[in-house]
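In the numbering used here, the protein residues as written are 363 to 621. First up is the structure itself, then whatever we jot down about it.
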Amino acid sequence: MNNTLVNGMALLEVLAHSDRALGVSELAARVDLGKSNAHRLLQTLTELGYVRRDAATGTYAAAIRLWELGTAMIDHLDLRQLALPAMEALLARTRESVHLSVLDGDEVVYLHKLESPEPVRAYSKIGGRAPARCVATGKALLAAQGEAALKGLAETLHGFTPKSITDADAFLQEMAGIRTRGYATNAGEWQETVCGVAAPIHDPAGGVIAAIGVSGPAERLRPGRFKALGSEVVAAADAVERALAGDADTAAAPFDPCA
363 MNNTLVNGMA LLEVLAHSDR ALGVSELAAR VDLGKSNAHR LLQTLTELGY
413 VRRDAATGTY AAAIRLWELG TAMIDHLDLR QLALPAMEAL LARTRESVHL
463 SVLDGDEVVY LHKLESPEPV RAYSKIGGRA PARCVATGKA LLAAQGEAAL
513 KGLAETLHGF TPKSITDADA FLQEMAGIRT RGYATNAGEW QETVCGVAAP
563 IHDPAGGVIA AIGVSGPAER LRPGRFKALG SEVVAAADAV ERALAGDADT
613 AAAPFDPCA
């Protein structure tokens, strides 16, 4: 096995999952490398565009090219197709509209949607956008962001409805609660008449790449249903993750939110 390649990939994995830039000494220690070897590999990765170096601090972070590779992989796998069985099962169990969303800056983009069979339902469209901090799929995605990014977002909050979270401390507490519960809720924070519940979808390396959730009229999606729906969306997210990992038999099996 090529040790140089292995060590370079180890450095990339550390940087890809770090919420802050890291110095050479810390990176070398994390991957059990000598500092000079780590520095040489980081220089090469920087030249290739996979790592960027902050000249002022001498620290390193993952560069946009690494993200582009990950995005290309997901496009190749066709996340929408992989998620469809779980989305269909979630629709059948809840009878509410189901969304598959990704994060784009401070907004979510709806990659795919299945409509509720109910005559009154939440309106959205594939390719549509919504403020991430005010919808369930967006909040599920934001909760996985680094502390610095969340604190920066918390300083720019403004309200869309009286139920929007506009206090920075309350927002950060909400993000912490989502990480603890494993799912996010929207209690009329973007459109007062629409509520939702969603869970993050992790790739095989553990990173959050998308979110799956349900949304519907506030009169049906009352807070009293949030916990049960939370179990449903977490189970759906687990099913998509199994599909991403290539476990087709397990991913296609009916999921049990109580399992």
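Ideal Cβ positions, reconstructed from N, Cα and C, are used throughout, including at glycine.
Nonlocal neighbours in the same chain, by C-beta distance under 7 Å from Glu509, ignoring five residues either side:
Asp381
Leaving out five residues on either side along the sequence, give the residues of the same chain with a beta carbon under 6 Å from the beta carbon of His461.
For His461, the CB contacts under 6 Å within the same chain, skipping 5 residues up- and downstream, are Tyr472, Lys475, Thr499, Gly575 in chain order.
Between Thr419 and Ala383, is the Cβ-Cβ spacing less than 8 Å?
yes
Buried or exposed by the 16-neighbour rule on C-beta atoms within 10 Å, applied to Val482
exposed
So what does Ala560 bridge to, in DSSP terms?
Ala546, Gly575
Figure out for me which residue from Pro493, Leu515, Val368 has the closest Cα to the Cα of Asp529.
Leu515
Tell whether a beta-carbon distance below 8 Å holds between Ala580 and Gly544.
no
Note down the Cα distance separating Ala599 from Leu503, rounded to an integer number of angstroms.
12 Å
Glu469 to Asn365 span [Cα, whole Å]
40 Å
Roughly how many angstroms separate the alpha carbons of Ile540 and Lys501, rounded to a whole number?
8 Å
For Thr547 and Arg457, I'd like the C-alpha separation in whole angstroms.
17 Å
Return the Cβ separation of Ser459 and Ser577 in integer angstroms, given the expectation that the two are a contact with Cβ distance under 8 Å.
A Cβ-Cβ separation of about 5 Å places Ser459 in contact with Ser577 under the 8 Å criterion.
Do you know how far the Cα of Leu367 is from the Cα of Gly385?
Their backbone Cα atoms lie some 20 Å apart in a straight line.
Identify, in the order they occur along the chain, each residue of the same chain with its Cβ nearer than 7 Å to the Cβ of His520, setting aside the five sequence neighbours on each side.
Result list for His520: Thr528, in chain order.
Range covered by the beta strand (DSSP E) that runs through Asp416:
413-416 is the extent of the beta strand (DSSP E) around Asp416.
Which word fits Gly586, buried or exposed, when buried means at least 16 other C-beta atoms lie within 10 angstroms of its C-beta?
Looking at its Cβ environment, which holds fewer than 16 other Cβ atoms inside 10 Å, Gly586 is exposed.
Thinking C-beta only, is Leu428 closer than 8 Å to Leu374?
Closer than 8 Å, so yes.
Can you say whether Ala430 is buried or exposed, counting buried as having 16 or more other CB atoms within 10 angstroms of its CB?
It should be noted that the sequence gives Glu, not Ala, for residue 430. Its Cβ having fewer than 16 others within 10 Å, Glu430 is exposed.
Assuming Val464 contacts Ala572 under a Cβ cut-off of 8 Å, what Cβ separation, rounded to an integer in Å, is found between them?
5 Å
Cutoff 6 Å; reference Ala560; Cβ partners in own chain excluding five residues on either side:
Ala498, Thr499, Ala502, Ala546, Ala573, Gly575, Val595
By DSSP, does His570 sit in helix, in strand, or in coil?
Looking at the sequence shown, residue 570 is not His but Val. Of the three classes helix, strand and coil, the one that applies to Val570 here is strand, per DSSP.
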